[in-house]
Amino acid sequence: MTGDPASARRPALDEVIQHPTRLTVVAFLSACDEAEFATVRDGCAVSDSVLSKISSALETAGHVHVGKGHVGKRPRTWLSLTEVGQAALAGHVTALRPGAAPVRVCGTRPSTPM
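The letter at position 12 of the sequence shown is residue 12 when you use full-length UniProt numbering, and the numbering goes up by one with no holes.
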């Protein structure tokens, strides 16, 4: 049995970030150096508990850095995308492109009026 040589070179979807909510968080973090937990929670429209679970899973995988500190006397948590996370997102997007290209072609409207 021979495999498709093109598929051997194609990046695979990242299993850690392929869940839609994790992907949303990673994409949100890709747009900034770091973000406060509450900002990510609100920007991604998730609850504290969901973001806590997601950030723990992403941190365990090395995709996200979770930093703790204080602003005044109030504890704060900051999230940032690591280099591993940036590479995972880039590879994930690259892996999605071949499947998205036909959608763009099929979804275009004719340029001439009917």
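Positions of the beta carbon are idealized from the N, C-alpha and C atoms, including for glycine.
Limits of the unbroken alpha helix (DSSP H) element including residue i
i      : result
Ser-56 : 48 to 60
Contact check, residue i vs residue j, beta carbons under 7 angstroms
i      : j      : result
Trp-78 : Gly-85 : no
Ser-49 : Leu-89 : no
Glu-36 : Arg-76 : yes
Val-16 : Ala-45 : no
His-92 : Asp-42 : no
Whole-angstrom distance between residue j and residue i, CA atom to CA atom
i      : j      : result
Ala-27 : Val-71 : 26 angstroms
Ala-12 : Ser-52 : 26 angstroms
Arg-97 : Thr-21 : 20 angstroms
Gly-69 : Ala-87 : 27 angstroms
His-65 : Glu-59 : 6 angstroms
Leu-81 : Thr-24 : 12 angstroms
Ser-55 : Glu-34 : 13 angstroms
Residue i, DSSP secondary structure in three states
i      : result
Leu-96 : helix
Val-26 : helix
Thr-21 : helix
Thr-82 : coil
Ala-35 : strand
Host beta strand (DSSP E) of residue i (start-end)
i      : result
Val-66 : 64 to 71
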